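Let me begin by presenting the structure, written as structure tokens, before commenting on it.
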Amino acid sequence: MSPIHREHMPSDRTMPEMTAAAAMPGAAEWVALADDLLAGLVHALNNRVTAISVCAELAGLGDEQMLAGGMLAAEVARLQQAGALLALLPARGNPEALEIGPVLQDAVAIHAHHPRMRAVDCVIETADTPPPVRAPRWALLRVLLIMVDVAKAGAQDAADTPAIVRLSGDAGAVCVRAAARERGSWGAYATEMAALCQGTLTRENEELVLTLPSLSELRRRERTGWPTR
0 MSPIHREHMP SDRTMPEMTA AAAMPGAAEW VALADDLLAG LVHALNNRVT
50 AISVCAELAG LGDEQMLAGG MLAAEVARLQ QAGALLALLP ARGNPEALEI
100 GPVLQDAVAI HAHHPRMRAV DCVIETADTP PPVRAPRWAL LRVLLIMVDV
150 AKAGAQDAAD TPAIVRLSGD AGAVCVRAAA RERGSWGAYA TEMAALCQGT
200 LTRENEELVL TLPSLSELRR RERTGWPTR
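Quick note on numbering that gives the first Met the number 0: the sequence shown kicks off at 0 and runs consecutively.
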């Protein structure tokens with residue numbers, strides 16, 4: 000099986016879209032983060048391809064333990080997982096009803112492949128059972144990836160201290176909080192991603208705070224003529 004190269008991966012943007020994205024304040028930081036994540040995921044895919052090739056070769060030589068022990072099946076499962084995470088990155092899809100918890104878990108899983116932050120763990124703390132929201136999955140994933148990146152960057156210098164992202168919610172809204180000790184330049188890009196999710200991203204003291212209306216709240220607003228994006 001041949002290695003996978005980043006230049007062979009499909010692009011999710013047309014040239015005009017890329018030009019517009021590059022002009023947005025803070026977009027350069029997103030492009031740099033996305034490139035790091037893509038590099039990490041491609042590395043993971045290549046590792047799995049290599050492992051599967053070795054397993055297949057040994058099985059072909061009569062190593063029955065390779066199949067009986069489930070090693071080949073485990074490597075295939077890891078390959079599928081890395082491929083599924085990679086497939087979440089392109090900017091495709093319309094707003095849909097989503098449980099934010101699984102999307103946040105996807106963001107943490109993707110960021111775990113960051114080449115320079117693999118050693119930093121990220122823990123999700125959930126205070127309540129957040130209600131569903133409505134958002135484009137890719138936009139929600141991107142703003143959550145930015146928040147995870149900021150939290151992990153702040154935790155890098157603290158030995159054995161994980162980054163913490165807090166998730167809470169009530170009937171009207173869902174809130175995600177991530178420590179943000181340093182003031183970055185994500186600015187308009189992260190804010191725009193939050194707005195595409197019909198929410199807001201603000202800085203409160205040393206935290207980034209994403210607030211999204213719940214699905215039931217959005218429906219209430221629509222019934223009463225409240226403007227939605």
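A virtual CB, placed ideally from N, CA and C, is assigned to each residue, including glycine. Since this is a predicted model, take the numbers as computed values, not measurements.
Burial state of residue i (16 or more Cβ within 10 Å)
i    : result
D156 : exposed
R117 : exposed
E216 : buried
Assumed close pair residue i, residue j - CB separation to whole angstroms, cut-off 8 Å
i    : j    : result
A81  : R47  : 6 Å
P130 : S52  : About 45 Å; that fails the 8 Å criterion.
I163 : A178 : 7 Å
L88  : A33  : 7 Å
V132 : A193 : V132 to A193, Cβ: 11 Å. No contact.
For residue i, three-class secondary structure by DSSP
i    : result
C196 : coil
S52  : helix
A86  : coil
T210 : strand
R222 : helix
G168 : strand
V30  : helix
R91  : coil
V119 : coil
E98  : coil
I154 : As written in the sequence, residue 154 is Ala, which differs from the Ile given in the question. Helix.
R141 : helix
R176 : strand
Rounded separation between residue i and residue j - CA only
i    : j    : result
P101 : S167 : 14 Å
A38  : A76  : 20 Å
A96  : C196 : 11 Å
T223 : L103 : 31 Å
A58  : E221 : 59 Å
E206 : A154 : 13 Å
E124 : R165 : 5 Å
R136 : L60  : 45 Å
N204 : V175 : 15 Å
D159 : R115 : 16 Å
C54  : E191 : 45 Å
A26  : L200 : 15 Å
A172 : N93  : 20 Å
L40  : V208 : 27 Å
M17  : A187 : Residue placement at M17 is poorly supported in this model, since its pLDDT is 41, which falls under 50; the coordinates still yield a value, given next. Cα-Cα distance, rounded: 16 Å.
N45  : W225 : 49 Å
Beta carbon proximity, residue i to chain C, threshold 8 Å
i    : result
V164 : The displayed structure is made up of one protein chain only, and chain C is not part of it.
message: Within 8 Å, do at least three Cβ pairs link the region 145–156 to the region 93–111?
response: Contact holds: three or more Cβ-Cβ distances are below 8 Å.
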